[in-house]
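J.: Be aware that the sequence shown starts at 0, since it is given in numbering that gives the first Met the number 0, and climbs by one per residue. Quick reminder that beta carbons are idealized off the backbone N, C-alpha and C, glycines included. Just so we're clear, the structure is a prediction, and the values are computed from it rather than from any experiment.
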Amino acid sequence: MISKRSGLLAMSAVVGGSLLLGQGEVMGAEGSGGEVVRPNVLMLAVDDWNDWLPALGDNRAITPNLDRLAARGVTMANGHSPAVYSAPSRTALMTGMNATTTGIYHDQIFYVADPSIEDLPRYFKKHGYKTVGAGKIYHHMPGCIDMRSWDEYFVWNPVNKKNGWSYEAWAPKTGLLPKELPVSEVGKNILSKGVSKVMPTHWMDFGVMPNDLEPKMADTITTDFGAKFLKEKHVDPFFLAVGIYAPHKPNYVPEKYFDLYPLNKIEVPEFGPSDPTGNQWTEKLHKVITETPDGAKKEIQAYLAAISYADAQLGKVLDSLEASEYFENTIVVLWSDHGYHHGEHHRWMKHTQWQRTSHVPFIWAGPGIAKGEKVEGTRSLLDIYPTLVSMAGLSENSRLEGVDMKNDLANPKGAEDREVLVPLADDHMAVVNQKWRYVVRGKGEFLYDLTNDPQEFVNLAKDMKYAKVKAELKSKLPANVTKESDEHRPMSMILKKHKDETYEWRPKPNQK
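In structure tokens:
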């Protein structure tokens with residue numbers, strides 16, 4: 000029964016018993032003296048990966064390394080991101096708290112101001128783990144790496160050590176960013192037709208790079224670090240997080256990955272009706288891309304090429320783990336911060352509440368985890384924090400709002416379905432389970448039967464036959480929601496933009 004007071008979040012607290020077992024069985028290997036050794040954690044984060052993956056039943060992307068991880072672990076067949084922008088999704092995952100609690104719904108530049116909030120790596124560090132990060136884990140705008148959480152943090156460009164990960168996977172410091180932007184015809188048309196007034200032109204750009212430049216690419220360097228770390232000797236248990244930027248735009252990718260996807264083999268999805276919640280800009284972008292000769296096909300080709308490049312980088316880290324002494328005692332969890340549209344509902348990129356944006360790869364492997372199986376029930380990336388804490392046998396963190404999935408990972412066939420929350424704004428949210436998606440955007444309501452209408456083209460919200468279903472899903476919305484404008488939210492905005500386009504940083508606890 001869902002309490003009226005706290006809606007979906009209360010449901011998360013009671014499903015499966017306790018959020019954090021704390022006293023439960025540690026999912027580690029046995030030491031030489033028969034004692035249980037605490038497991039290591041390898042977190043692999045990717046960006047903008049949608050569900051066009053063999054591991055999720057779609058063969059459009061070629062991902063042999065993701066496939067082998069899925070083969071030795073458990074895939075969440077209906078895993079969803081806790082938000083549809085990078086910052087709020089990663090914030091929810093890393094703090095274990097939904098946007099409806101933190102007030103972070105968009106790509107705000109923030110800092111954890113409430114001292115009682117301990118993010119995932121800080122919590123493991125507190126319990127004796129060595130915490131090491133590399134690449135894009137949080138939405139690290141300049142200055143946002145919180146070193147309270149990390150013993151070490153690697154960024155590919157030393158100049159950016161103080162500022163966080165480079166906002167683009169490509170930057171002038173690498174010498175790889177094309178000197179004239181945009182490169183593609185799609186990008187040039189976006190620029191010439193004025194769409195770029197609301198975004199940098201390269202955000203939708205793509206192009207073929209020489210194969211011999213791959214070692215210099217940002218994600219290559221980041222994953223080289225992760226692979227090297229796993230070859231080294233570590234006394235304490237470790238929490239290693241490796242974040243890959245690709246296939247986030249721009250998709251400048253080595254030629255060999257483009258060669259995997261001949262243009263004449265590219266499938267363009269059915270676009271369907273226009274998103275009723277869209278705007279002039281989204282329609283204009285859709286028009287420019289689809290009216291450029293083979294524009295949609297080329298954009299999709301570049302996206303898939305970038306996924307295969309990212310998969311190859313993941314493979315290096317997995318190879319290193321499998322060859323190491325840590326293989327049998329390391330929990331691996333892979334996730335994408337959200338999905339990506341390619342014209343469905345006339346939308347490109349993300350930032351929507353459709354299935355294509357929230358349905359993401361979410362895979363676990365390691366001790367205590369079944370092999371080659373799937374959890375069919377709906378799960379959220381919000382569940383990562385409590386699950387890792389439980390599997391490592393750490394003490395309870397009462398602030399967490401996700402669900403401990405340890406039992407699901409051991410017995411996937413016994414996992415039941417449930418609802419998860421996907422906020423877009425403080426008055427725009429989706430409630431999702433295996434069969435239904437209910438969306439509320441301001442005063443508008445949308446209800447989709449995912450079994451019979453997986454493309455979400457038919458809104459059933461006004462059909463009285465489904466009034467009971469709609470009411471039940473609506474009841475799962477949280478009653479208490481932190482507004483984006485709430486000055487007392489636990490996240491502190493740390494950047495002020497002046498009229499002259501300069502920025503002023505607020506001091507943070509880890510900065511002198």
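(1) In this structure, how does DSSP classify LYS442 when only helix, strand and coil are distinguished?
(2) CA-CA distance, ASP50 and HIS358?
(3) Among PHE237, ARG89, SER319, whose alpha-carbon lies nearest the alpha-carbon of HIS105?
(4) ALA409 CB to nearest chain B CB: under 7 Å?
(5) Kindly give me the distance between the Cβ atoms of MET208 and TYR244, rounded to whole angstroms, as I take these residues to be in contact under 8 Å.
(6) Decide if the segment 353-372 is in contact with the segment 410-421; the criterion is three or more beta carbon pairs, one per stretch, under 8 Å apart.
(7) Let me know if SER394 comes out buried or exposed under the rule of 16 or more other beta-carbons within 10 Å of its beta-carbon.
(8) Rounded to whole angstroms, what is the Cα-Cα separation between ASP70 and ALA309?
(9) Ends of the alpha helix (DSSP H) at SER307?
(10) Does the Cβ of ILE438 have 16 or more other Cβ atoms within 10 Å, making it buried, or fewer, making it exposed?
(11) Which same chain residues end up closer than 7 Å to ASN97 when comparing Cβ atoms and leaving out the 5 residues on each side of it in sequence?
(12) To test your reading of the DSSP string, which unbroken beta strand (DSSP E) runs of 3 or more residues are found completely within the segment 64-89?
(13) Hey, SER514 and TRP48: beta-carbon distance below 7 Å or not?
(14) For TRP334, which three-state DSSP category applies?
(15) If you follow the alpha helix (DSSP H) that PHE224 is part of, which residue opens it and which one closes it?
(16) For PRO63, does the count of other Cβ atoms within 10 angstroms reach 16, so buried, or fall short, so exposed?
(17) Can you round the beta-carbon distance between VAL287 and VAL388 to whole angstroms, since I take them to be within the 8 Å contact cut?
(18) With a 10 Å radius around its C-beta and 16 neighbouring C-beta atoms as the bar for buried, classify SER397 as buried or exposed.
(19) Which residues does DSSP list as the beta-bridge partners of GLU151?
(20) Please list the terminal residues of the continuous beta strand (DSSP E) segment that includes VAL207.
(21) Under three-state DSSP, which class holds MET42?
(22) Does MET93 come out as helix, strand or coil in the three-state DSSP assignment?
(23) Can you find at least 3 beta carbon pairs, one from the segment 267-282 and one from the segment 176-188, that sit closer than 8 Å?
(24) Between ILE189 and GLU254, what straight-line distance do the alpha-carbon atoms span, to the nearest angstrom?
(25) Beta-carbon within less than 8 Å of LEU320's beta-carbon, same chain only, minus the 5 sequence neighbours each way: which residues are those?
(26) Cα separation between ALA133 and LYS461?
(27) Could you give the DSSP three-state label for MET390: helix, strand or coil?
(28) So what's THR329 in DSSP terms, helix, strand or just coil?
(29) Among ASP274, LYS297, PHE257, which one has its Cα closest to the Cα of VAL267?
(30) Of all the options LYS475, ALA60, ALA391, which has the alpha carbon lying nearest to the alpha carbon of ALA429?
(31) Can you tell me whether TYR166 is helix, strand or coil according to DSSP?
(32) Do ILE299 and LEU333 have their C-beta atoms within less than 7 Å of each other?
(33) For GLY365, I'd like the list of residues in its chain whose CB is within less than 6 Å of its CB, leaving aside the five on either flank, ordered along the chain.
(34) Excluding sequence positions up to five away, which residues of its chain have a Cβ less than 7 Å from the Cβ of MET404?
(35) On the CB-based measure, 16 or more other CB atoms within 10 Å of its CB, does PRO38 come out buried or exposed?
(36) Just checking, does the segment 268-276 make contact with the segment 230-241 on the three C-beta pairs under 8 Å criterion?
T.: Judging by the given coordinates:
(1) coil
(2) 6 Å
(3) ARG89
(4) Among the chains in the structure shown there is no chain B, since it carries only a single protein chain.
(5) MET208 to TYR244, Cβ: 14 Å. No contact.
(6) yes
(7) exposed
(8) Checking the displayed sequence, the identity of residue 70 turns out to be Ala instead of Asp. When rounded, the distance between both Cα atoms is 18 Å.
(9) 294-321
(10) According to the sequence displayed, residue 438 carries Val and not Ile. So VAL438 ends up on the buried side.
(11) LEU8, PRO81, ALA91, LEU381, GLU400, LEU420, PRO422
(12) 72-79
(13) Residue 514 cannot be examined here, being either before or after the span of the chain that is shown, 0 to 511.
(14) strand
(15) 217-230
(16) exposed
(17) Going by Cβ atoms, the distance from VAL287 to VAL388 rounds to 46 Å, so no, they are not a contact pair.
(18) exposed
(19) VAL131
(20) 205-208
(21) strand
(22) helix
(23) no
(24) 24 Å
(25) LEU41, LEU229, PHE326, THR329, VAL331
(26) 47 Å
(27) helix
(28) strand
(29) LYS297
(30) LYS475
(31) Below a pLDDT of 50, predicted positions are generally treated as unreliable, and TYR166, at 40, falls in that range; the measurement from the model is reported next regardless. In this structure, TYR166 counts as coil in the three-state DSSP scheme.
(32) no
(33) THR329, ILE330, VAL331
(34) ARG378, ASP382, THR386
(35) buried
(36) no
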